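Read in the working numbering, the first sequence has 77 at position 72, and its numbers run on one by one without any break.
Report on the structure given below.
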Amino acid sequence: MVAIVDCNSFYCSCERIFRPDLWEHPVVVLSNNDGCIVSRTDEAKALGIKMGEPYFQAKELLEKHNVAVFSSNYALYGDMSRRVMDTIGVIVGMENVEIYSVDECFIDVSKIALSQLKDVAESIRDTVVKWTGIPVSVGIAPTKVLSKVANRLAKKHKVVTQGVLILDTPRKVEQALHKTNVEDIWGVGRKYAEKLNKMNIKTAYELSQQDLQWAVNHLGGVVGERLVRELKGEPCIDFQPPLSVKKMIATSRMFGKPVSDIASIKEAVATYTARAAEKLRRQQCVAQTIHVYLIPKVEHVQGQKFRHGASQGCYVKLPVATALTNELTKAARQLVDSIYKSGQLYTKAGVTLSDIIPDTAIQGNLFNAPTTNKAAGNRLMQVMDNINFSMRKDMLKLASIGTTQHWSMKCKFQSPRFSTRWNELIKVQ
DNA sequence: TCTGGGGTCCTAGGACCC
DNA sequence: TCTGGGGTCCTAGGACCC
């Protein structure tokens, strides 16, 4: 059996911890740049505020109902996430926990007796909220996909389930599948949901009754086959080993407002490259390919679904893999030169590092000894990372990042980093 | 005026080999 | 009229996730 623990309205719950005045109050959290609504409390959902809705469109409704609005505060959410996961680790043993995302983890509960599962699930739910202030829901079932089905129903029918649902018999699994639409299944996105509905397959139960060859043909090959098998109760999605290193590292942002001058774009790209290089060094890796892209501004046609402009990008394979910010930045700035079109307005830029390998495995080549100045470069990076980590972000940086950053994001409603900065601690009178 | 960001996995198709 | 077969490697792009 597999359990999944999912934090309820995670970002909103984090914002509420230090704000007792908001405990019964509707709250929403906005995406970067104060663009869209990405987290809502139940009270906010009840007001008809939709997930992913642009802030400027929802603004009137939010103000009318006096909803508390926050910009995203990743320092706070990251720290709270760590506390939640640590708490779960204490209860079930960290070796059984797979952290799936900032607000979710799977737990291998196959060694726990069926009769004990309810107690364990309730203990997780109660301990996490007591130790961290974050409410969670728990779903348990024979496979990962079915545990997500259980979790969703646990959340949806909180009054009945008290946030815990266990599907431990075929009968319970079947009932749960009947109550789940295909678009609510983990692994079925918008495209497949439309396709399935057209084929008159509406519920998870109906999908679970299809045969495997049908799934291969209609749901993207082996991915679809795995999905149907999981719905039938056969585990196909393995637990991931912890601390797996990323195969690609990306940093991208919308600009606060559209930008057309190349100097600002280069500053932004240098900033994102520095951030990506930091992530790369943190997992003790180097990258050989760097990809830079710009998104041009497009006029939004009234009445049509919003779309970004088509990404304009370019990449280069470096002669020698590196994690040094200065080397990566140099390449990134050259890429900007080759993509940039004078006079064009851009709304977003991004940097992606790939061909990632451990930093012990750097291959030199005939013309570039990998050791050239490497030791000195690494020491410099270590000093920068340490100071930036302990003081505050970007205390030390390369000059190419710029000091004014006219292009940087909007985030008007950011809360203090209560749990990670001494000078932002909550004050009690 | 204003529409997020960071990932993974898989497939199809082209280039190339013998 | 007829135009090998089988394999590998790589890339671009689609689909999904939170």
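Note that beta-carbon positions come from the ideal geometry of N, C-alpha and C, so glycine has one too.
Source: prediction; values computed, not measured.
Next item on the list: Would you mind working out which of K163, G226, W28, V233 sits nearest Q214, comparing C-alpha positions?
Entry: V233
Next item on the list: Have a look at V150, K322, W28 and flag the residue whose alpha-carbon is nearest the alpha-carbon of I9.
Entry: V150
Check: Per DSSP, S86 forms a beta bridge with which residues?
Finding: Answer is none; S86 lacks a bridge partner.
Next item on the list: Let me know the secondary structure DSSP gives I112 once reduced to three states.
Entry: strand
Notebook entry, point to check: Touch check for the region 189-208 and the region 245-261: three-plus C-beta pairs under 8 Å?
Noted result: no
Margin query: If I follow the unbroken beta strand (DSSP E) through V303, where does it start and stop?
Written below: Premise fails: V303 is in no beta strand (DSSP E) and is neither H nor E.
Margin query: Helix, strand or coil, according to DSSP, for T278 in the structure here?
Written below: helix
Check: Going straight from the alpha carbon of M204 to that of I42, what length do you get?
Finding: 32 Å
Check: Helix, strand or coil for I295 per DSSP?
Finding: strand
Item checked: Pairwise C-alpha distance: L217 and N156 -> 25 Å
Next item on the list: Give me the Cβ distance between T330 and M253, rounded to the nearest whole Å; I'm assuming they're in contact under 8 Å.
Entry: Not a contact, Cβ separation roughly 18 Å.
Next item on the list: Go to A438, then tell me how far its beta strand (DSSP E) extends in each direction, as first and last residue.
Entry: Outside the displayed range of the chain (6 to 434) lies residue 438, so it cannot be described from this structure.
Note to self: So, with DSSP's three-state summary, where would you put P140?
What the structure shows: coil
Item checked: Touch test, the region 327-347 against the region 287-296, Cβ-Cβ under 8 Å, three pairs minimum -> yes
Check: What is the residue span of the alpha helix (DSSP H) that A354 lies within?
Finding: Unbroken run through A354 is the beta strand (DSSP E), 351-363; no alpha helix (DSSP H).
Notebook entry, point to check: Is R21 buried or exposed, if buried means 16 or more other CB atoms sit within 10 Å of its CB?
Noted result: buried
Notebook entry, point to check: Is G308 buried or exposed, if buried means 16 or more other CB atoms sit within 10 Å of its CB?
Noted result: exposed
Notebook entry, point to check: Is there contact between the region 262-275 and the region 311-328, where contact requires at least three CB pairs shorter than 8 Å?
Noted result: no
Item checked: Rounded C-alpha distance that separates Q289 from S76 -> 31 Å
Notebook entry, point to check: K302 and Y351: beta carbons closer than 8 Å?
Noted result: yes
Note to self: If you measure between the beta carbons of F15 and S36, is that distance less than 8 Å?
What the structure shows: no
Check: So, do the region 99-116 and the region 51-63 have three or more beta carbon pairs nearer to each other than 8 Å?
Finding: no
Margin query: In this structure, how does DSSP classify E429 when only helix, strand and coil are distinguished?
Written below: helix
Next item on the list: State the start and end residues of the unbroken alpha helix (DSSP H) segment that holds K436.
Entry: Absent from the model: residue 436. The displayed extent of the chain is 6 to 434, so no value can be given.
Note to self: Taking 8 Å as the threshold (C-beta atoms), are V193 and G238 in contact?
What the structure shows: no
Item checked: Cα-Cα separation, S413 to A273 -> 8 Å
Margin query: Spatial neighbours of G229 within its chain, please: C-beta separation below 6 Å, excluding the five flanking residues on both sides.
Written below: A220
Note to self: Could you check whether C110 and I104 sit closer than 8 Å to each other, using their CB atoms as the reference points?
What the structure shows: yes
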